[in-house]
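Protein sequence lines correspond, in order, to chains G and C.
Heads up, the first sequence is in the working numbering, so the first residue is 1 and it goes up one at a time.
Heads up, the second sequence is in the working numbering, so the first residue is 1001 and it goes up one at a time.
We put the beta carbon where it would ideally sit given N, CA and C, even for glycine.
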Amino acid sequence: MTKPITKFTRNVPHWQPRVVPVDLAEATAEQLDALQVTPSNTKVSAYVLTLAHDVESLKVRSPLFNAIMYDKGGMSRAERELGALGASMVNHCIYCAAVHADRHAQLEKSTEVTDRLFRDGARADLGPRDRAIFDFAVALSQCPPQATASHVAALKAAGLDEAEILDLILSTSLFGWANRLMHVLGDPVRPDSAGK
Amino acid sequence: MTPELTTLRMAGTDGVLEAVIATRANIFEMTQAAEDAVLRPKAPGAWPHSLRAALAARIATLNAQTALARHYATGAGDDAALADPAQDGAARGLGPVLAFMDKVAADTRQVVAGDIAALQAAGISDADIVRLAELNAFLAYQIRVVAGLRLLREARA
């Protein structure tokens, strides 16, 4: 019995798929190519092996993900993580929230912001810039999106320029995508109870 | 930027945010490649291109994105009726598929293991379940990029 984790945490859980991932031994040439499996690199996560069922999508997804989260210029990496976290909290993706809260804390060398968000939720006491960023991410992540001109005005008043706002739109939206894979196709569990 | 990028065309950013968008040109090109991969894949599994277009239009409608919904509906062919969220798809044997897609799009946080088990019980293969999730997930992204860019454009006006 493995009981999924239901509370937000920075302690990154194990991800247990709800479908059977692609078996590496039976993978097609196209799947192996997308998985970037080579004789010296045969370690592939259950998550990536699950996504290998849709190999055309997997192939384009990783470079896009990396560009949005890590390309130089524009918004800082920590603030992009805050956009990712806002989306992940709306969609209640425990796994994504853990990974990106942890990255935020590492980049900021402080757990203060993510401690507050996990303890007090969306109404946590944040500085004006983080407040504007988090509020925009939460609003954009609703269905239908609830972000308005006043959210953008708040971002500009907090000192964000258009390039930074564009990166916030991209990182928040990207987690609308990632959450719908991670939270939908698997469960967050603790490694010692995951059976492997 | 080139007009064949759906995301920028739907956001109406031509001539307005070009300089800032150009700094992330690679991202908008990869976004189009991702759209091509989920809407018009070479190996579509159980979900033909017309059904994928209908599902995309349906998800755009659930998100109140009328321009994007209209755009995707043009590719829906005989599946066009399923773009209407009022249609449950039961007559086509797609009831479990549409229920799943609607929930993942609009009520993501409430999705549980039982929702995947319901698709499996309806005879849908694991690969086809992943294909549905990828289509849904990409749309969630594209819809929010379009909505966000539109706000950024309007803030200039």
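Among the residues facing chain C, N41(G) is not included, as its CB has no counterpart in that chain under 8 angstroms away.
Scanning chain C for C-beta atoms nearer than 7 angstroms to the C-beta of D33(G) yields nothing, as the closest lies near 14 angstroms away. Counting the other CB atoms within 10 Å of its CB gives Q1142(C) a total of 16 or more, which places it among the buried residues.
Rounded to the nearest angstrom, the gap between the Cα atoms of G1093(C) and G159(G) is 52 angstroms. Restricting attention to A149(G), P63(G), G86(G), Q142(G), the CA atom closest to the CA of F118(G) is found in G86(G). Taking 8 angstroms as the cut-off, the beta carbon of L1068(C) is found no closer than this to the beta carbon of L1082(C). Per DSSP, W15(G) lies in no alpha helix (DSSP H) segment; the continuous beta strand (DSSP E) that holds it begins and ends at 14-17. For I133(G), the closest of C143(G), P144(G), D161(G) by C-alpha to C-alpha distance is D161(G). The Cβ-Cβ distance between Q16(G) and V189(G) falls below 8 angstroms.
Cβ-Cβ separation between E56(G) and A1037(C): approximately 4 angstroms, consistent with a contact (criterion under 8 angstroms).
According to the DSSP assignment, D135(G) belongs to the alpha helix (DSSP H) that extends over 128-141. In this structure, DSSP gives T38(G) an extended state, which the three-state scheme calls strand.
Between the beta-carbon of G1089(C) and that of S1050(C) there is about 14 angstroms, and that puts the pair past the 8 angstroms contact cut. By the beta-carbon neighbour count (other beta carbons within 10 angstroms, threshold 16), E81(G) is buried. Under the three-state reduction of DSSP, V1130(C) is assigned to helix. When beta bridges are read from the DSSP output, P188(G) appears opposite W15(G). Chain C places no beta carbon closer than 8 angstroms to that of R190(G), leaving this residue out of the contacts. Inter-residue distance for F175(G) and R61(G) is about 12 angstroms (C-alpha atoms, whole angstroms). Under the Cβ distance rule, A1057(C) does not count among the residues neighbouring chain G, no pair being separated by less than 8 angstroms. If you draw a 10 Å sphere on the C-beta of K72(G), you find fewer than 16 other C-beta atoms in it, and that means exposed. At a cut-off of 8 angstroms between C-beta atoms, T50(G) counts as an interface residue with respect to chain C. Exposure of S76(G) is indicated by the presence of fewer than 16 other C-beta atoms within 10 angstroms of its C-beta. In the three-state DSSP reduction, I1021(C) falls in the helix class (H, G or I). For T148(G), there is no enclosing alpha helix (DSSP H), as DSSP gives it neither H nor E.
One finds A1034 in chain C with Cβ atoms closer than 7 angstroms to the Cβ of R61(G), taken in chain order. Between L166(G) and V1020(C), the C-beta gap is smaller than 8 angstroms, which places the two residues in contact. Sequence-distant Cβ neighbours of S141(G) in its own chain, meaning closer than 7 angstroms and more than five residues away, are G86, A87, V90, N91, T172, G176. Taking the beta carbon of I1116(C) as reference, the chain G residues within 8 angstroms of it are R18, V19, V184, L185, listed in sequence order. If you draw a 10 Å sphere on the C-beta of K59(G), you find 16 or more other C-beta atoms in it, and that means buried.
For G1095(C), the enclosing alpha helix (DSSP H) starts and ends at 1095-1106. When R1156(C), G1015(C), I1116(C) are compared, the shortest CA-CA separation from F1100(C) is found for I1116(C). Between T9(G) and A98(G), the beta carbon gap of about 5 angstroms places them in contact (Cβ cut-off 8 angstroms).
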